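Q:
Numbering (the UniProt record's numbering), first residue to last: 1 to 892.
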């Protein structure tokens, strides 16, 4: 195991740590020779692994994954193995690939391209104008580096997979050094001489220590696992090396690293998009012929590997093509004329004869390209949470910052309206993170950070009781014991903000709450009951009514997860989410900058003309009649989506009646910084407690802090977060901003439910909301970095068309959006509203004219609700504690 601190001697060569399975932990000085260089054997990790993959060792997208043989080398071919410890047997791989059964494509392993000559040629390729990938990545690392390294904490370990020349990595290391972050950086590579050369090229650092790791990706995985859990780790996988793998291999590779990392660790992945096929084709077939020579040189290397004149490059030509359907570039050797290859085993004397037909193609590499949708699916399948996307100026290449979380919520719309057992498990992990880790027991259980809400302990009992009672009623079974839990935990409170004595019907409040151990025991038994109901279809045949109850229990718990979080930000005793580090808490990020913080570029105005949109974009709600559950036609329907009673019926917006007229809407929500400017300009900062958001803490002079689960955040660090405030407070900002505009300007206001719904629908139909910040991807209301970076290129307010909504629109996410629509039934005649029989007071208790519709999602909203465009939320207009912000509209 590596010592905790690397000692760097300015007179010594770089430190190389040999992590190969036969020599783990041995350091190698730079004057040792590489005994395996140029040979047919590549030392690898321990024998008898069923699957392994050799990757392009230089992190650029010119490699191909190579499946290794099962276990150690084949004993029947003595020429193909020298030791049990050898796993990557290039001679055997070459022969196996060329002797595949008839009908299968012949292959040659990509690693033959990387002898000394190949490495030199590849380095030349990265400087070619046609090979855009390197410059695209340098562009991203140059303009977005500060945002990227925010997610690499001080005193952490950084390991780069397939480090290569480090030409791009040095940009990141220099930035870490500039921020004075103490980092241990390890460059992992299979080519030890190239690794030594690359490390020598790095400059001297004071805070960053560097070393090389000589070994495979899998051995790097073991090396990372040797560090204590409390040391944060970041993995770098740059240059679109993910393209070297087939798509299922990429998923399995990321999944393997996800399993090793600890909660809070990060993974930076470079991805080349599915770009213009012409650009991709030219990138791999440059005008100078460097790529052609790079690939053809591999044939010369084969003769060195096999130790005989086996193949003549004159009989082949380089052939490359882009497979647009598969989304991959393909490189081949094309046979010029029919001939035979003959391999002679020096030990057995056995000959292997290979027939090649004229025009036959022999594959030597695939380079996969990834659409944004495919990238998002990849990360989702590997259970990573994407917390940042950084895109090149030309939008051809992305770096994605991934993080391992304590739980994983999929960013894709659910395939089934019924939450699965796996989804329940992840929701319970999230619930336990909040209720067991962030709420201190027993200190905080009886705490009421918001007077208008019950103490925390109520919610720990409310969730399992609601679930238990709903299941009991639909199944005709008795509730779990103790039965009295139902009388105190079934329903919470939502009193009138203006007159707290006025409140809807709710459970009785006991003089003393039950013991927390009894509540947690009850919780565990209700969870087991729910899983039993979901999984045992024999005892519990699934009907639509039962499925609805499961759906209701799931979303009810997800809603109250958010309730707890907006209560927790109001408490001074909240513990931060374990291992989820906040960027501003680093030593460098905590220093208050001199002068005014830099605000965002003015929000882009998106012009919307509803009459030009697909009618599907012009609807509210959906069809989900609860009474249909019990009919002969409806009881077996398990595919139609569920919703709450206020989401029905589906309303088609009619031109001239309910359809909005053309309007412009801001691309993002108003920020803390913009709201601060309003309060300071009007003198309300110190003289109006009603104008100060409950999400703020005001100290002496203009010293403002923003509440978070990490404690108070200095305004300069939260300046560009959206401001969380009440509807009434948002209205005050709108009036002030209107007063600053020239006479005759269009009137500004908050959007209606229809206006906001339309843009969210248009955006989701185009991009699926892959970059928006809901579902606890972040534990604070940060807006999508990918969209903010797009807007930052504009120094003044601009106008975009509705076709550009995917490019510009922030949300749903960060905070809910207030609308100017009073919460009421969607049906034209309120008397036609069909109240839920399962949860009668869910909506109807709040059709009081005091609650306003909020749409979208917050950072704490579960994706099932954030992705369902019919979902309607609501809060009292002057309720200040919720995760809700606002944006403006200008009606044309």
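The C-beta atom is built at its ideal place from N, Cα and C for all residues, glycine as well.
Quantities reported herein were computed from a predicted structural model and do not represent experimental measurements.
(1) Please work out which residues of its chain come closer than 7 angstroms, Cβ to Cβ, to residue 414, disregarding the five sequence neighbours upstream and downstream, and give them in chain order.
(2) Can you tell me the Cα-Cα spacing of residue 753 and residue 543, whole angstroms?
(3) Near residue 176, which residues of its chain fall below 6 angstroms by C-beta distance, leaving aside the five closest residues on each side in sequence?
(4) Flag this pair as yes or no: are the beta carbons of residue 884 and residue 812 separated by less than 8 angstroms?
(5) For a minimum of 3 consecutive residues, which ranges assigned as the beta strand (DSSP E) are wholly contained in the stretch 325-373?
(6) Which runs of the beta strand (DSSP E) spanning at least 3 residues fall entirely within the stretch 590-641, listed in chain order?
(7) Whole angstroms is fine: what's the gap from residue 777's alpha carbon to residue 716's?
(8) Identify, in the order they occur along the chain, each residue of the same chain with its Cβ nearer than 6 angstroms to the Cβ of residue 215, setting aside the five sequence neighbours on each side.
(9) Pick helix, strand or coil for residue 403, following the three-state DSSP scheme.
(10) From residue 546 to residue 529, what does the alpha carbon distance come to, in whole angstroms?
(11) Would you tell me roughly how many angstroms separate the C-alpha atoms of residue 364 and residue 353, rounded to the nearest one?
(12) Could you give the DSSP three-state label for residue 776: helix, strand or coil?
(13) Considering just the uninterrupted stretch of the beta strand (DSSP E) at residue 446, what are its terminal residues?
(14) Look at the Cβ atom of residue 525, then the Cβ atom of residue 507, and state whether they are nearer than 8 angstroms.
(15) Threshold first: 3 residues or longer. Then list the beta strand (DSSP E) segments lying entirely within the stretch 813-886, N to C.
(16) Could you pull out every unbroken alpha helix (DSSP H) segment of at least 4 residues lying fully inside the stretch 448-526, listed in chain order?
(17) Let me know if residue 377 comes out buried or exposed under the rule of 16 or more other beta-carbons within 10 Å of its beta-carbon.
(18) If you count every other CB in all the chains shown that lies within 10 Å of the CB of residue 410, and 16 or more means buried, which is it?
(19) Decide if residue 573 is buried, meaning its Cβ has at least 16 other Cβ atoms within 10 Å, or exposed.
(20) Would you call the stretch 644-658 and the stretch 610-626 in contact, with 3 or more CB pairs under 8 angstroms?
(21) Report yes or no: do the stretch 604-615 and the stretch 717-735 share at least 3 C-beta pairs separated by less than 8 angstroms?
(22) Which residues in the same chain as residue 251 place their Cβ atom closer than 7 angstroms to its Cβ, once the five residues preceding and following it in sequence are excluded?
(23) Classify residue 158 as buried or exposed, calling it buried when 16 or more other Cβ atoms lie within 10 Å of its own Cβ.
(24) Entirely within the stretch 186-264 and at least 4 residues each: give me those alpha helix (DSSP H) ranges in chain order.
(25) What did DSSP end up calling residue 558 once you bin it into helix, strand or coil?
(26) Is residue 409 helix, strand or coil by DSSP?
(27) In terms of residue numbering, what span does the alpha helix (DSSP H) encompassing residue 134 cover?
(28) Classify residue 697 as helix, strand or coil using the three-state DSSP reduction.
(29) Distance check for residue 230 and residue 714, CA to CA, integer angstroms please.
(30) Apart from the five residues just before and just after residue 134, which ones in its own chain have a Cβ nearer than 8 angstroms to its Cβ?
(31) With distances taken Cα to Cα, identify the nearest neighbour of residue 245 among 210, 330, 557 and 347.
(32) Whose C-beta lies closer than 7 angstroms to the C-beta of residue 479 among residues of the same chain, with five residues either side of it excluded?
(33) Compare the beta carbon distance of residue 834 and residue 689 with 8 angstroms and say whether it is the shorter of the two.
(34) Express the C-alpha separation of residue 205 and residue 178 in angstroms, rounding to a whole number.
(35) Taking the alpha carbon of residue 110 as the reference point, which residue from 103, 104, 119 and 102 has its own alpha carbon closest?
(36) Grab me the residues of residue 370's own chain with a C-beta within less than 6 angstroms of its C-beta, minus the 5 sequence neighbours each way, in chain order.
A: So, from the data block:
(1) 864
(2) 33 angstroms
(3) 149, 183 and 208
(4) no
(5) 328-335, 339-344, 351-356 and 361-368
(6) 605-608
(7) 22 angstroms
(8) 19 and 20
(9) strand
(10) 13 angstroms
(11) 20 angstroms
(12) coil
(13) Where residue 446 is concerned, there is no enclosing beta strand (DSSP E), given that its DSSP letter is neither H nor E.
(14) no
(15) 816-822, 851-855 and 873-876
(16) 456-475 and 485-489
(17) buried
(18) buried
(19) exposed
(20) yes
(21) no
(22) 378, 381 and 382
(23) buried
(24) 192-201, 217-225 and 247-260
(25) helix
(26) coil
(27) 132-143
(28) strand
(29) 26 angstroms
(30) 60, 126, 127, 167, 168 and 239
(31) 330
(32) 468, 469, 472 and 486
(33) no
(34) 10 angstroms
(35) 119
(36) 271
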